[in-house]
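Read through the structure below, which is laid out as structure tokens, and then see the notes.
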Amino acid sequence: MKSTCLIITATVNPRGPHVAEQDARVRLAAYEKALFHYVSLPVDIIFAENSGFEPADSEMMHAWQKTGRVRFLSVEPSLHPERGKGYQEFEMLDEVVESISGNYESFAKVTGRYVVRNAEVLMQSVPAGIRVDRHRKMKVAITGFFHCRTDFYRQHLLGCYREAHDDEGVFIEHVLYHKLAGLPDFQVELFGQNPDYRGVSGSHGNSMQRHPLKMVLRNAERKLLKWTGKQEFMVEY
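Just so you know, we're using this note's numbering here: the sequence shown kicks off at 534 and counts up by one.
Okay, here's the thing in structure tokens:
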């Protein structure tokens, strides 16, 4: 069994509410750019897609498929796209995790159009349960990038997508936060450094790149929280 892999979740042709970028060509170009970054990582890459897209529709992806560098998994489109992006993404993630559970001790999940420039560093050690950034004030867990033991996900998070409903204001970030809230701190930990995002948010269309000063402040807060034993952010800025 390998220690970890990277699961990239993708929806080239989106359905449902609150999607900032609907153009499949623009979305595909962003997926290709992100995948070009991730194929250099020393881990297996699994590209999971749930809108009927075929790798042969992209010259770049088709080449990676033929070489075996990227494993492409096609998941049936959700029957409930009206429940929103998070519902559909974690419905897909459940199927992917079940398919790899005997092959990897853990996995990192990244939302496919995001480039996390320091992903390799963030994936270097297998977490006790899950490594994810949480914010107490907003009661959200950041789902754009997290690292999770496969058995932990299957025990605690499988099926959690059913509680998400974007139009009712219950986003998957809220669901994940509440699922993790009752678990011991040693199982749910913050990343040791900020995930360094590039890309555009799928919800509001703004850049994912944070101001350098905020990055410095947040990294300092991580060190303080580690010293105090706290595993979620208390302050928003």
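Don't be surprised by glycine CBs; every beta carbon is placed ideally from N, CA and C.
Counting along the chain, Val-708 sits inside the alpha helix (DSSP H) bounded by residues 705-714.
With fewer than 16 other CB atoms across the displayed protein chains lying within 10 angstroms of its CB, Met-671 is exposed. In the DSSP annotation of this structure, Ile-578 is not part of any alpha helix (DSSP H); the continuous beta strand (DSSP E) holding it starts and ends at 577-582.
Val-673 is a Cβ neighbour of Arg-667, given a cutoff of 9 Å. Spanning the alpha carbons of Asp-684 and Asn-727 requires a straight line of approximately 25 Å. A direct Cα-Cα distance of roughly 22 Å separates Asn-546 from Arg-695.
Following the DSSP letters along the chain, one finds Ser-632 inside the alpha helix (DSSP H) bounded by residues 618-633. In the same chain as Ser-607, and ignoring 5 residues on each side of it, the C-beta atoms closer than 7 Å to its own belong to Glu-582, in chain order.
Secondary structure at Thr-542: strand, using DSSP grouped into helix, strand and coil. The DSSP assignment places 577-582 and 603-607 as complete runs of the beta strand (DSSP E) inside the region 547-607, in order along the chain (cut-off: 3 residues). By the neighbour-count criterion, in which 16 or more other beta carbons inside 10 Å mark a residue as buried, Phe-766 falls on the buried side.
Restricting attention to Lys-756, Arg-616, Arg-669 and Tyr-730, the CA atom closest to the CA of Phe-679 is found in Tyr-730. Assignment of beta-bridge partners to Ile-663 by DSSP yields Cys-681 and Val-721. Contact fails between the region 559-579 and the region 608-615, because fewer than three Cβ pairs, one in each stretch, are under 8 Å apart.
Distance from the CA of Gly-692 to the CA of His-595, rounded to the nearest whole angstrom, comes to 31 Å. Non-local beta-carbon contacts of Arg-755 in its own chain, meaning distances under 8 Å to residues more than five positions away in sequence, involve Leu-723, Phe-724, Gly-725, Gln-726 and Asn-727 in chain order. As a beta-bridge residue in DSSP terms, Ser-639 pairs with Arg-682.
Non-local C-beta neighbours of Glu-769 in its own chain, meaning closer than 8 Å and more than five positions away in sequence, comprise His-668, Lys-670 and Met-671, ordered along the chain.
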